[in-house]
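K.L.:
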Amino acid sequence: MTPDMAPPHPAEALILAKAPAAAVERARQVRLMAFDVDGVLTDGSLWYGENGETIKRFNALDGHGLRLMREGGISVALVTGREGPIVARRAAELGISLVLQGVRDKSQALAGLAQERGHTLDQVGFMGDDILDLAALQRAGFAASVPGAPPYITQAAHWVSSREGGYGAARECCDLILAAQGRLKHFFSPNAVILGGVTQ
Numbered sequence: 001m002t003p004d005m006a007p008p009h010p011a012e013a014l015i016l017a018k019a020p021a022a023a024v025e026r027a028r029q030v031r032l033m034a035f036d037v038d039g040v041l042t043d044g045s046l047w048y049g050e051n052g053e054t055i056k057r058f059n060a061l062d063g064h065g066l067r068l069m070r071e072g073g074i075s076v077a078l079v080t081g082r083e084g085p086i087v088a089r090r091a092a093e094l095g096i097s098l099v100l101q102g103v104r105d106k107s108q109a110l111a112g113l114a115q116e117r118g119h120t121l122d123q124v125g126f127m128g129d130d131i132l133d134l135a136a137l138q139r140a141g142f143a144a145s146v147p148g149a150p151p152y153i154t155q156a157a158h159w160v161s162s163r164e165g166g167y168g169a170a171r172e173c174c175d176l177i178l179a180a181q182g183r184l185k186h187f188f189s190p191n192a193v194i195l196g197g198v199t200q
């Protein structure tokens with residue numbers, strides 16, 4: 001699927017009207033979008049079971065958005081400072097193969113992903129919410145964050161979602177990137193095919 005220069009779909013126009021023009025222009029260049037997990041794909045809560053296992057809650061809207069990005073031809077990566085089987089399982093459910101866990105230097109990880117995929121950093125986006133994400137946000141061509149992040153993080157972002165992390169923030173980001181590239185309109189066609197059949 002390739003973007004086209006046809007007039008935006010009404011849904012795309014609605015999304016683009018709410019975003020700063022400079023952020024839309026940056027989103028238009030994205031070929032690889034990386035997401036932090038805790039605080040972005042989740043609300044940042046960590047629940048512990050009686051045997052010490054960690055439990056995280058993911059949002060179906062976000063999952064659908066990540067699938068739409070992949071189906072739309074944009075690579076998706078998860079880059080997280082924590083490590084555990086939950087993230088790997090969620091990534092597998094969504095068909096995401098680029099999963100980096102236990103990462104302390106996310107800026108370097110982003111550069112590595114860009115090189116591996118043959119992209120410039122201008123073509124790489126990152127969505128994060130805390131200090132560990134700051135250097136990556138400053139290095140990415142498109143930097144996104146969530147409203148609950150500390151102000152020195154949101155200040156470093158080109159765009160901040162209206163929804164909180166774990167409550168559709170990543171979906172907003174996905175929709176913006178797809179709309180900016182004229183790719184979202186294709187999913188409103190009755191003949192659109194979504195990877196994996198089940199889209200959440």
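Residue 1 is where the sequence shown starts when you use the UniProt record's numbering, and the numbers rise one by one after that. A virtual CB, placed ideally from N, CA and C, is assigned to each residue, including glycine.
Sorted by chain position, which residues of the same chain lie with C-beta nearer than 7 Å to F58's C-beta, five sequence neighbours on each side aside?
P.N.:
Correct list, in chain order: L41, T42 and R90.
K.L.:
To which residues of the same chain is V103 closer than 7 Å at the C-beta, ignoring the five residues directly before and after it?
P.N.:
Cβ neighbours of V103 beyond the five flanking positions: V79, T80, G81 and A109.
K.L.:
Alpha carbon to alpha carbon, how far is L32 from A88?
P.N.:
About 19 Å.
K.L.:
Counting only runs of 3+ residues fully inside the stretch 107-139, write out the beta strand (DSSP E) ranges in chain order.
P.N.:
Listed in chain order, the complete beta strand (DSSP E) runs (minimum 3 residues) inside the stretch 107-139 are 124-127.
K.L.:
Classify L14 as buried or exposed, calling it buried when 16 or more other Cβ atoms lie within 10 Å of its own Cβ.
P.N.:
Exposed: under 16 other Cβ atoms inside 10 Å.
K.L.:
Where does L61 sit, in a helix, a strand or coil, going by DSSP?
P.N.:
Three-state DSSP puts L61 in a helix.
K.L.:
Between A114 and the rest of its own chain, which residues show a CB-CB distance below 6 Å, the 5 nearest in sequence each way excluded?
P.N.:
So the list reads L121 and V124, once near-sequence residues are dropped.
K.L.:
Looking at the unbroken beta strand (DSSP E) that takes in V76, where does it start and where does it end?
P.N.:
Segment S75 to V79, the beta strand (DSSP E) holding V76.
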